[in-house]
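Student:
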Amino acid sequence: MATKKDRQRQLARERHHRRLAREAERQARTRQLTRWVSAGAVVVVLAVVVTLTALHLNNSSAASPAHSPSASASASPSASPTASPSPTASESVSASGTVQCTYTKAGKAARNVGTPPATASVRGHYQATITTNRGTIVIDLLAAKAPCTVHSFAYLAAKKFFNRTPCQRLTTSNGVYVLQCGDPTGTGSGGPGYEFANENLTGATYPAGTVAMANVTGEPSSNGSQFFMVYKDTAEPPDYTPFGTIVSGLNVLRGIAKAGSDNSSGPGDGHPKEKVTIESVVVKKT
Numbered sequence: 001m002a003t004k005k006d007r008q009r010q011l012a013r014e015r016h017h018r019r020l021a022r023e024a025e026r027q028a029r030t031r032q033l034t035r036w037v038s039a040g041a042v043v044v045v046l047a048v049v050v051t052l053t054a055l056h057l058n059n060s061s062a063a064s065p066a067h068s069p070s071a072s073a074s075a076s077p078s079a080s081p082t083a084s085p086s087p088t089a090s091e092s093v094s095a096s097g098t099v100q101c102t103y104t105k106a107g108k109a110a111r112n113v114g115t116p117p118a119t120a121s122v123r124g125h126y127q128a129t130i131t132t133n134r135g136t137i138v139i140d141l142l143a144a145k146a147p148c149t150v151h152s153f154a155y156l157a158a159k160k161f162f163n164r165t166p167c168q169r170l171t172t173s174n175g176v177y178v179l180q181c182g183d184p185t186g187t188g189s190g191g192p193g194y195e196f197a198n199e200n201l202t203g204a205t206y207p208a209g210t211v212a213m214a215n216v217t218g219e220p221s222s223n224g225s226q227f228f229m230v231y232k233d234t235a236e237p238p239d240y241t242p243f244g245t246i247v248s249g250l251n252v253l254r255g256i257a258k259a260g261s262d263n264s265s266g267p268g269d270g271h272p273k274e275k276v277t278i279e280s281v282v283v284k285k286t
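Take 1 as the starting number for the sequence shown in my numbering and just add one per residue.
1) On the CB-based measure, 16 or more other CB atoms within 10 Å of its CB, does G244 come out buried or exposed?
2) List the whole-angstrom C-beta distance separating A212 from Y206, where the pair is believed to meet the contact cut-off of C-beta under 8 Å.
3) In whole angstroms, what is the alpha-carbon distance linking Y177 and V282?
4) Leaving out five residues on either side along the sequence, give the residues of the same chain with a beta carbon under 7 Å from the beta carbon of S280.
5) Decide if the stretch 116-123 is in contact with the stretch 90-104; the criterion is three or more beta carbon pairs, one per stretch, under 8 Å apart.
6) Look up R297 in the DSSP assignment and say whether it is helix, strand or coil.
7) On the criterion of 16 or more Cβ atoms from any shown chain inside 10 Å, does G191 qualify as buried, or is it exposed?
8) Do you know how far the Cα of S92 is from the Cα of K310?
9) Would you mind working out which of G203, A208, T217, P242 sits nearest F153, comparing C-alpha positions?
10) Using alpha carbons as the reference points, say which of P267, T172, N112, A257 lies closest to E274.
11) Return yes when the Cβ of P184 is within less than 8 Å of the Cβ of H151, no when it is not.
12) Please tell me whether I278 and C181 are closer than 8 Å, where the distance is taken between their beta carbons.
13) Which residues does DSSP list as the beta-bridge partners of Q180?
14) Name, in chain order, the residues that DSSP records as bridge partners for E236.
15) Inspect the beta-carbon positions of G224 and V216 and report whether they are closer than 8 Å.
16) Expressed to the nearest angstrom, what Euclidean distance is found between the alpha-carbon atoms of N263 and T129?
17) Would DSSP call S92 helix, strand or coil?
18) For L156, which residues from the same chain have a beta carbon less than 7 Å from its beta carbon, with the 5 sequence-adjacent residues on both sides left out?
19) Considering only residues of the stretch 101-173, which uninterrupted beta strand (DSSP E) runs meet the minimum length of 3 residues and lie entirely inside it, listed in chain order?
20) Where do the N-terminal and C-terminal ends of the beta strand (DSSP E) with T205 fall, by residue?
21) Express the C-alpha separation of E195 and K160 in angstroms, rounding to a whole number.
22) Pull up the DSSP beta-bridge partners for T277, would you.
23) Can you check which of these residues, R134, A110, Y126, is closest to P272 by C-alpha distance?
In C-alpha cells, the structure reads:
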C-alpha cells in the first residue's frame, strides 16, 4: 500500500510531466510561428522585388518617347526612327486598278465621319482645292503613289471634315518650313478617329510645294487627317507620306509664313500670327 510520501512523489512527477508537455507545446508553437513569419517575409520581399522590377520596366518604356522633327512641338508631324516604307501601291494593284487599304479605328474623332471604304483607286487625276481665309491653294494629289492616303483625304473632304478648321502650326526656322492643318480641334492632337500606314516613302524629299501627312503619334501607322504644306525647301527624313504637289497658291503659303509664327512652341514654331482657317476642301477626279 502506497504511503502518503509515495503519493506526494507521484503527484510531483505528474506536475513535472505536465510542465514539460506544456513547454514542449509552447516551443512547437513558437517554431511554427517563426516559420510562418519567415515565409511571409519572403513573400513580401518577392512582392517588393516584382513591383520594383515592373516600375523600372515601365519607367524605361516611358523614357523612350517618339522622336519629333527638327522644329518639335506637341502639334508637330512626329517622326519615328523605325518607320519603314509600305510597299509601293503599284506592287499590289488589282486588274481593276485598285488597292486594298486598312483604316483602323484609333482615338476619339474630332468630327464623327466614319471610316473610308477599304478600296482605293490608283487611276485618274485627283485635284484638291483648299479655300482658306488667306487665299486658295490647288493641289495635284498623287493617287498612283499614295492611293490610300489620297483616298482618305478625298473621303474626309467629301464629308466636310476640313471645313471651318484652323491651321494650327507654322514653322519658319531650323530648316523646317511648313504650315500644318487638318485638326478641327486646333490642338495638334485631333484626328478623324482612324489611322493608316505610311506610303510613298522611298526616296521621299520635301521641296517647296510638297503636301505630306503628319504622323501624329510618332508611329509610322498614325496618319489620320493632319497634313502639312511645304512653302520652302525643307530638310526632313523620309518619314512623312508625300501625297500631293501644290500647283497654285504657293504664294498664299509664303504670305502666311512672312507674317510669322507666335513662337508659342519655340523660336519660329507655333501658331500662325495671322489666323489661317480652311473654309472648304473640294477634291475632283478627272
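Just so you know, even glycine gets a beta-carbon here, dropped at the ideal spot from N, CA and C.
Values in this document were obtained by computation on a predicted structure and should not be read as measured data.
Tutor: In this structure, then:
1) Under this definition G244 is a buried residue.
2) Indeed, because the Cβ distance is near 6 Å, the residues count as touching under 8 Å.
3) Rounded to the nearest angstrom, the two C-alpha atoms are 25 Å apart.
4) Only T131, N163 meet the Cβ criterion.
5) Yes: the two stretches touch, three or more of their Cβ pairs being nearer than 8 Å.
6) Nothing in the structure corresponds to residue 297, since the chain is present only between 1 and 286.
7) It is buried - the Cβ of G191 has at least 16 other Cβ atoms within 10 Å.
8) Since the first residue of the chain shown is 1 and the last is 286, residue 310 is not available in this structure.
9) Nearest option by C-alpha distance: P242.
10) Of the candidates P267, T172, N112, A257, the one whose C-alpha sits nearest the C-alpha of E274 is A257.
11) Contact annotation: H151 and P184 have beta-carbon atoms that are not nearer than 8 Å.
12) Taking 8 Å as the cut-off, the Cβ atoms of I278 and C181 count as close.
13) For Q180, the beta-bridge partners assigned by DSSP are R169, F228.
14) Under DSSP, E236 forms no beta bridge with any residue.
15) A contact, by the Cβ cut-off of 8 Å.
16) The straight-line gap from Cα to Cα measures roughly 29 Å.
17) Correct three-state label for S92: helix.
18) For L156, where only same-chain residues beyond five positions count, the Cβ hits under 7 Å are V113, F162, P192, S225.
19) Listed in chain order, the complete beta strand (DSSP E) runs (minimum 3 residues) inside the stretch 101-173 are 119-121, 126-132, 135-141, 169-171.
20) From DSSP, T205 is part of no beta strand (DSSP E); its letter is neither H nor E.
21) The alpha-carbon atoms of K160 and E195 are separated by roughly 18 Å.
22) According to DSSP, which records beta bridges pairwise, T277 is partnered with P166.
23) Of the candidates R134, A110, Y126, the residue whose Cα lies closest to the Cα of P272 is R134.
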